[in-house]
Amino acid sequence: MARSPIGRLARAASAALRPSQTLRWTAEGVGYIAVWLILLGTGLYQQINLVLLIAGLAAGPIVGSIFVSAAVLRGLRVTRRGPPYVFAESPLVIDYVLENPHRWREALAMTAADVLTPDGPGTPSARELYPKAFFPRVPGRDRLRISWRGNAPARGRYTFGTIELVTRSPFGLLERRVTIESPGSLVVYPGVGTLTRRWRRVFREATETRRGRRHDRSAQQQEYHGLRDYRPGDSPRWIHWRTSARLGQPMVKEFEQQSDQDLAVLLDPWLPRSKASAEQREAVERAIRFAATVCLETCRGSGRRLLLGWTGPSPAVRHGPASIRLLHELLESLAVLRPTPEGHVGGLLDALPASMLRDAMLLIVTTRPINLAEEYERAARLNESTGLRITGRILTLDASRGDLEDYIRFDGGPGLAPAGPIDDRPALDPDGDGRPGAPGRDRRPEVPA
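Counting in UniProt numbering, the final residue of the sequence shown is number 449, and the numbers go up one at a time with none missing.
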């Protein structure tokens with residue numbers, strides 16, 4: 001059944017008046033309507049038909065702007081493509097794709113206005129971003145991709161809400177906006193720097209010291225290597241009885257000792273409950289960025305275990321074998337970590353797994369002076385003797401006193417992106433809208449922030 005012209009007209013009027021669209025005068029439109037009112041008033045008052053005729057003709061662009069702008073926006077689709085994560089203050093690229101499904105109608109002078117909002121309380125320095133992409137001309141049945149480039153905001157979790165498609169076509173007298181729902185999220189990791197030679201030397205010395213000691217580790221903490229002949233002094237527990245019975249001689253399991261030093265990064269993001277100074281807040285951010293850098297460099301290798309813990313009302317830890325997956329988990333935790341006046345390092349030591357407390361190098365990054373002896377007393381699992389045994393594996397750095405300056409450099413400003421990719425996630429698809437092989441040209445002008 002064919003649609004009636006009256007029905008199409010009613011649907012067009014409803015679409016033009018829907019709440020998702022707004023219409024307002026531009027500055028040029030206000031000047032135009034003022035001149036038009038003067039002409040109309042002069043013609044009516046003086047009874048000059050020529051002036052009335054000019055005023056009538058001048059009303060055409062106003063009426064045309066109302067209906068043409070609604071018709072141009074109808075059916076247009078705009079999509080956003082951005083990375084799932086980015087490092088703070090590093091380059092951020094967001095692609096916007098405008099698709100025009102109409103056959104003969106062009107989309108002229110379109111602007112996609114977006115907003116990136118902190119999700120939740122966020123960090124004190126979190127701020128909103130307002131990316132915009134201008135599409136000068138999109139022919140019918142075509143699409144255009146515009147890349148917006150700017151700097152990522154401070155660390156935290158951010159959300160995208162709606163995209164407003166704005167046009168002043170055809171005459172620039174009226175501005176019409178249509179709101180398009182396009183939810184999304186972005187995690188901004190803490191900025192990272194470059195670890196200095198001193199840090200590498202300290203970590204290398206800890207690894208060499210570990211290699212020089214004899215560790216009584218269980219089989220679960222060693223890597224199974226193979227079988228070999230029994231030697232005097234071997235533990236009977238490692239005899240492989242089935243193979244020994246088959247060969248007629250005792251054979252024992254051989255394990256390969258882990259050669260790399262495990263690392264536990266213990267972060268104490270302390271901040272006074274009130275009247276925190278700018279220097280204290282900056283010390284917290286530097287401590288978090290240092291912890292992120294250490295996690296990044298550690299997870300680029302393999303063969304060691306990594307733990308990240310932080311103080312607070314309820315101390316929390318994340319740990320596992322160094323890997324890219326663990327790295328993203330740790331960086332996301334650091335991205336949303338907030339300073340706290342509560343908690344202490346002793347409580348965090350109680351939350352550590354026994355294997356990490358026994359064998360790992362403990363890196364304590366704090367923003368206040370701490371006394372290890374007092375922290376041992378606060379810890380339920382430690383006493384004076386056990387505390388002394390782990391003291392040789394502890395490196396304490398106080399960000400408020402500038403201890404981090406010897407171990408990390410932030411030469412690139414507030415934050416640096418890593419030199420290379422940290423995972424194998426696919427890049428944006430070449431078509432820009434997630435539909436491989438879709439028709440239409442794919443041009444990519446870049447719009448700076």
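A virtual CB, placed ideally from N, CA and C, is assigned to each residue, including glycine.
Give me whichever residues DSSP pairs with residue i in a beta bridge.
i      : result
GLY320 : LEU306
GLN21  : VAL178
PHE87  : TYR189
TRP270 : THR340
ASN100 : ASP142
GLY56  : Answer by DSSP bridge pairing: none, since GLY56 is not bridged.
VAL252 : ARG228, ILE239
ILE408 : LEU195
ASP95  : ARG81, SER147
ALA291 : Paired residues: none, contrary to the question.
ILE394 : LEU362
LEU108 : ARG137
VAL265 : LEU308, LEU363
LEU129 : LEU116
At the level of alpha carbons, what is the spacing between residue i and residue j?
i           : j      : result
LEU186      : PRO91  : 14 Å
ALA335      : LEU266 : 16 Å
PRO313      : THR340 : 8 Å
SER320      : THR167 : Before going on, a small fix: residue 320 reads as Gly here, not Ser. Cα to Cα, the separation comes out at about 52 Å.
ARG213      : ASP95  : Bear in mind that the predicted position of ARG213 carries a pLDDT of just 48, short of 50, making it unreliable; the figure below should be weighed with that in mind. Distance between the alpha carbons of ARG213 and ASP95: 54 Å.
ARG318      : ARG231 : 40 Å
GLN249      : ARG305 : 37 Å
GLU205      : ILE239 : 35 Å
ALA278      : LEU397 : 20 Å
GLY233      : LEU404 : 47 Å
PHE87       : THR22  : 36 Å
ARG401      : ASP268 : 14 Å
PRO131      : SER169 : 21 Å
LEU337      : ALA316 : 11 Å
ALA70       : ILE6   : 18 Å
GLU175      : ALA112 : 13 Å
PHE290      : LEU296 : 10 Å
GLY82       : LEU357 : 40 Å
VAL51       : SER65  : 22 Å
ARG141      : LEU108 : 14 Å
SER323      : LEU307 : 12 Å
LYS253      : ALA264 : 30 Å
GLY184      : ILE288 : 26 Å
residue 456 : ALA399 : Given that the chain is displayed from residue 1 to residue 449, the structure contains no residue 456 and the question cannot be resolved.
ASP114      : LEU173 : 23 Å
GLY346      : GLU89  : 34 Å
VAL93       : PHE171 : 32 Å
GLY60       : TRP148 : 36 Å
Buried or exposed for residue i, going by 16 or more other Cβ atoms inside 10 Å?
i      : result
THR391 : exposed
TRP310 : buried
VAL365 : buried
ASP406 : exposed
TYR85  : buried
VAL63  : exposed
ALA373 : exposed
MET57  : The amino acid occupying residue 57 in the given sequence is Leu; Met does not appear at that position. Exposed: under 16 other Cβ atoms inside 10 Å.
TRP241 : exposed
ARG228 : exposed
ALA2   : Since pLDDT at ALA2 reaches only 48, below the 50 mark, its modelled position is unreliable, and no value is offered.
GLY432 : Note that GLY432 scores 40 on pLDDT, short of 50, meaning its location in the model is unreliable; the coordinates nonetheless yield the value given after this. Buried, since its Cβ has 16 or more Cβ neighbours within 10 Å.
GLY29  : buried
ILE408 : buried
GLN261 : buried
GLU128 : exposed
LEU37  : exposed
GLY303 : exposed
PHE67  : exposed
TYR158 : buried
ARG143 : buried
SER20  : exposed
ARG389 : exposed
SER333 : buried
Would you verify that the beta carbon of residue i is, or is not, closer than 9 Å to some beta carbon of chain D?
i     : result
LEU57 : Considering every chain present, this structure includes no chain D. It has just one protein chain.
Take every Cβ of the segment 347-363, pair it with every Cβ of the segment 371-391, and state whether three or more of those distances are shorter than 8 Å. yes
Give a yes or no on contact between the segment 181-196 and the segment 26-38, applying the rule of three or more CB pairs nearer than 8 Å. Short answer: they don't touch.
Any contact between the segment 171-184 and the segment 148-163? By contact I mean 3 or more CB pairs, one from each, below 8 Å. Because the criterion of three Cβ pairs below 8 Å is met, the segment 171-184 and the segment 148-163 touch.
Is the segment 143-157 touching the segment 107-120 in the sense that three or more CB pairs, one from each, lie closer than 8 Å? Touching, per the Cβ criterion.
Quick one: which unbroken beta strand (DSSP E) runs of 3-plus residues sit fully inside the segment 344-389? Chain order, please. 361-366
The segment 72-88 in contact with the segment 100-116 per 3-pair CB rule at 8 Å: yes
To test your reading of the DSSP string, which unbroken beta strand (DSSP E) runs of 3 or more residues are found completely within the segment 133-192? 142-151, 156-167, 174-189
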